[in-house]
Amino acid sequence: MRGVCPEFRVLNGIKVYSFSGFDDIIDAAVSTRSIMVACNSDKLYYSQQRLKDIINANIGYCDGVGAVWALERKGVKGAVKIAGCDLWLEIIKRYPEAKYYLVGAEQQVIDEVVKKLHVEYPEMDIVGFRNGFLKSDQEKDVLVKDICEKRPDFVFVAMGSPKQEYMLDDIHSVYPVPMMGLGGSFNVYAGKVKRAPKWIQDIKMEMIYRYIFNKVSIKRIYCDFKFFLMLVFNRL
291 MRGVCPEFRV
301 LNGIKVYSFS
311 GFDDIIDAAV
321 STRSIMVACN
331 SDKLYYSQQR
341 LKDIINANIG
351 YCDGVGAVWA
361 LERKGVKGAV
371 KIAGCDLWLE
381 IIKRYPEAKY
391 YLVGAEQQVI
401 DEVVKKLHVE
411 YPEMDIVGFR
421 NGFLKSDQEK
431 DVLVKDICEK
441 RPDFVFVAMG
451 SPKQEYMLDD
461 IHSVYPVPMM
471 GLGGSFNVYA
481 GKVKRAPKWI
491 QDIKMEMIYR
501 YIFNKVSIKR
511 IYCDFKFFLM
521 LVFNRL
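Per my numbering, numbering of the sequence shown is gapless, rising by one per residue and ending at 526.
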């Protein structure tokens, strides 16, 4: 991706790029037909080797204050957080007539997401969608085949990490188009999960808001704390 993506640093074995905003990362993903992978402190601290390999072969970007701080600590100037729950909607705004395939969340949630998208982006062509609960390899094979047959321009998968990245990698290996893992973004868009107010986002305290209001697991808090210690003592 030389000449397409901006400056990067390797953080705990993961290549993370410093994009200046939505346009830069969308340009990079479209031109390289890559998977966009959000990198936060949890992912940078806890990722297994397969997930690291997927990120390093594609586009890892900062979706968390911890990742931004880590890049700055490594000498990158001007690193910014790019929120994945905003990025996928920016892609739709930029390519309103493109074809999309959506996978993830519970059936009721994905139904509400598709309904809302049709209202807000009437030109958007959703060629396929389904919930994120695949019960067998056969269901996964059927999904991959359907995506190949429907030929979307973009694929969004919201299953949580690393499951969504593994799913995206399987799809991308046979149908390489720009793709993105969305985590809980469908739940946010459908109004099932409340995002931090804008002023909390602006002061970079969205993580604290999630700890208090979104029932963040003890494991996630532990990973964030360990990552912070690694950052302080320059162990990344």
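All residues carry an ideal CB built from backbone N, CA and C; glycine is no exception.
Practice task
Would you decide whether GLY365 is buried or exposed? Buried here means 16 or more other CB atoms lie within 10 Å of its CB.
Solution key: exposed
Practice task
Excluding the 5 residues preceding and the 5 following TYR390 in the sequence, name in chain order all residues of the same chain whose CB lies nearer than 6 Å to its CB.
Solution key: ILE416, PRO442 and PHE444
Practice task
Using three-state DSSP, classify LYS305 as helix, strand or coil.
Solution key: strand
Exercise for the section: Have a look at GLY311, ARG384 and VAL404 and flag the residue whose alpha-carbon is nearest the alpha-carbon of LEU392. Expected result: VAL404
Problem - Inter-stretch contact at 8 Å, needing at least 3 Cβ pairs: the stretch 370-382 / the stretch 342-360 - result: yes
Practice task
Decide if the stretch 298-312 is in contact with the stretch 343-355; the criterion is three or more beta carbon pairs, one per stretch, under 8 Å apart.
Solution key: yes
Handout entry: Nearest to PHE298 (by Cα), restricted to the options ASP460, LYS342, ASP343 and LEU361
Key = LEU361
Problem - ILE316 beta carbon less than 9 Å from that of VAL327 - result: no
Handout entry: Touch test, the stretch 394-410 against the stretch 430-440, Cβ-Cβ under 8 Å, three pairs minimum
Key = no
Exercise for the section: Evaluate ASP332 with the Cβ neighbour count: other Cβ atoms within 10 Å of its Cβ, from every protein chain shown; 16 or more gives buried, anything less gives exposed. Expected result: buried
Practice task
Please report the Cβ distance between PRO386 and GLU413, rounded to the nearest whole angstrom; I am assuming they are in contact, meaning their Cβ atoms lie under 8 Å.
Solution key: 5 Å
Exercise for the section: Can you give me the Cβ contacts of TYR479 inside the same chain, cut-off strictly under 6 Å, excluding the 5 residues immediately before and after it? Expected result: VAL403
Handout entry: Reduced DSSP category for ARG323 - H, G, I as helix; E, B as strand; rest coil
Key = coil
Practice task
Pull up the distance between the alpha-carbon of LYS367 and that of GLY311, whole angstroms please.
Solution key: 14 Å
Exercise for the section: Using beta-carbon positions only, say whether LEU377 and MET520 come within less than 9 Å of one another. Expected result: no
Practice task
Return the residue from the list ARG525, GLU439, LYS516 and LYS430 that minimises the CA-CA distance to GLN454.
Solution key: LYS430
Handout entry: Cut-off 6 Å between Cβ atoms - residues of its own chain near CYS295, not counting five sequence neighbours on either side
Key = TYR307 and ALA318
Handout entry: PHE423 vs GLU380 beta-carbon contact at 9 Å
Key = no
Practice task
Look up LEU392 in the DSSP assignment and give the residues it is bridged to.
Solution key: PHE419 and PHE446
Practice task
Given a cut-off of 9 Å, decide if GLY473 and CYS375 are closer than it, judged by their beta-carbon atoms.
Solution key: yes
Problem - Separation of ILE382 from ILE325, as counted between CA atoms - result: 16 Å
Handout entry: Separation of VAL300 from LYS516, as counted between CA atoms
Key = 18 Å
Exercise for the section: Give, in chain order, every unbroken run of the beta strand (DSSP E) that is at least 3 residues long and sits entirely within the stretch 357-402. Expected result: 389-394
Practice task
Rank THR322, ASP313, LEU334 and GLY303 by C-alpha distance to the C-alpha of HIS462 and give the top, closest one.
Solution key: THR322
Exercise for the section: Note down the Cα distance separating TYR335 from LYS342, rounded to an integer number of angstroms. Expected result: 11 Å
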